[in-house]
């Protein structure tokens, strides 16, 4: 492919590619007529390696050395005594670890690097790398920290890029959102399968009011709650009011959490209706407290002194309140 095509594939500028060639010798192995650059599949693999390393904070000079070494090892992997790609991966991991140790020493220093690497992988439209980074972040930090410090900041970074460039980068945001959703849902399913409270306590119901399709924060909340061993019933986005009321009356949840990203979907009448629902035998009737989650509720006066309506402002506050309802 041409330099322009490679630059678009990697999410960097052609000037950056030319600079890496001039400074570190990271150019195409063959040039047509001695002048025109044409990047082979091996060249592309080497440049992907360079981008992955720099995205994690490794210096360009060190990243170039490892990328070239990886390319050489891949070429000789089939030869007797040749190194394998696995050895190159070990080199990469060691380089990233050395960079992290040499950094600020803050507990979240490495997490911030992971966020930046995730965003850059999305810009390169490298779905395999995006998913690898998300799996590693989830395994290393758990759903709460992975969402707050890696996933959500990466989404905001990509969103800012989209807003500053019209709709040019909408496909990047969609790619990243899809993979984040897949990772969170997978963690929820895995954790729910090992939950130990399913037969002992009523579920927690999570839902978005009609018209609300931004479900990622709620998927993160569901994963965190399931990780804590709680039973969670997630209805997803844009739940019609009657469907939500039917669910509440049928399962008698310990609590209901409603997420609204924007004020038009923050249906205060629905929230009050859910909070007012009662069930059980006469003399022992009970209801479900309602948590109002998300920035859409900030323009409302949701609680009005009601003990059954409570607005929470963060994932951790929502987890604490919902956990207290069950425990």
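In this note's numbering, the protein residues as written are 295 to 621.
By construction, the Cβ of each residue, glycine as well, lies at the ideal position given by its N, Cα and C atoms.
### Task
Hey, could you find the ends of the beta strand (DSSP E) residue 530 is sitting in?
Residue 530 -> beta strand (DSSP E) spans 526-533.
### Contact the region 418-425 vs the region 314-322: 3+ CB pairs below 8 Å
As far as the Cβ criterion goes, the region 418-425 does not touch the region 314-322, which means the pair count is below three.
#### Entry: Which of helix, strand or coil DSSP assigns to residue 476
Residue 476: helix per DSSP, three-state reduction.
### Message
Report the CB separation of residue 542 from residue 582 in whole angstroms; it is logged as a contact under 8 Å.
### Response
Cβ atoms of residue 542 and residue 582 come within 8 Å of each other, at about 6 Å.
### Message
If I follow the unbroken alpha helix (DSSP H) through residue 316, where does it start and stop?
### Response
Note, residue 316: alpha helix (DSSP H), 308-318.
### Query
Could you give the residue range of the alpha helix (DSSP H) that holds residue 299?
DSSP places residue 299 inside the alpha helix (DSSP H), whose first and last residues are 297-304.
### Task
Going by DSSP, name the residue or residues bridged to residue 551.
Under DSSP, residue 551 takes part in a beta bridge, and its partners are 500 and 585.
### Task
Would you identify the three-state DSSP class for residue 606, choosing helix, strand or coil?
Residue 606 falls in the strand class under three-state DSSP.
#### Entry: Check whether residue 529 and residue 501 have beta carbons under 9 Å apart
In this structure, residue 501 lies closer than 9 Å to residue 529 by Cβ.
### Query
Whose C-beta lies closer than 8 Å to the C-beta of residue 310 among residues of the same chain, with five residues either side of it excluded?
Once the five neighbours on either side are set aside, the close Cβ partners of residue 310 are 301.
### Message
Just verifying my parser: in three-state terms, what is the DSSP assignment at residue 334?
### Response
Three-state result, residue 334: coil.
### Query
Rounded to the nearest angstrom, how far is the Cβ of residue 248 from that of residue 360, given a contact under 8 Å?
The chain is shown from 295 up to 621; residue 248 falls before or after that span and cannot be answered.
### Query
Straight-line CA distance for residue 524 to residue 344?
Going from the Cα of residue 524 to the Cα of residue 344 covers about 43 Å.
### Message
Please classify residue 584 as buried or exposed, where buried requires at least 16 other C-beta atoms within 10 Å of its C-beta.
### Response
Buried is the call here.
### Other residues of its chain near residue 481: CB distance less than 8 Å, five sequence neighbours each side excluded
By the criterion of a C-beta distance shorter than 8 Å, residue 481 is surrounded in its chain by 432, 437, 517, 520 and 521, once the five residues flanking it on both sides are discounted.
### Message
Suppose the cutoff is 7 Å on Cβ atoms and the five residues either side in sequence are ignored; what does the same chain contact list for residue 591 look like?
### Response
Counting only residues of its own chain and dropping the five nearest sequence neighbours on each side, residue 591 has a CB closer than 7 Å to the CB of 554, 560 and 605.
### Query
So is residue 509 buried or exposed if we call it buried at 16+ other beta carbons inside 10 Å?
Answer is buried; the Cβ neighbour count reaches 16.
### Message
Do residue 305 and residue 417 have their beta-carbon atoms positioned less than 9 Å apart in this structure?
### Response
Going by C-beta atoms, residue 417 is nearer than 9 Å to residue 305.
### residue 536 versus residue 430: straight-line alpha-carbon distance, rounded
About 40 Å.
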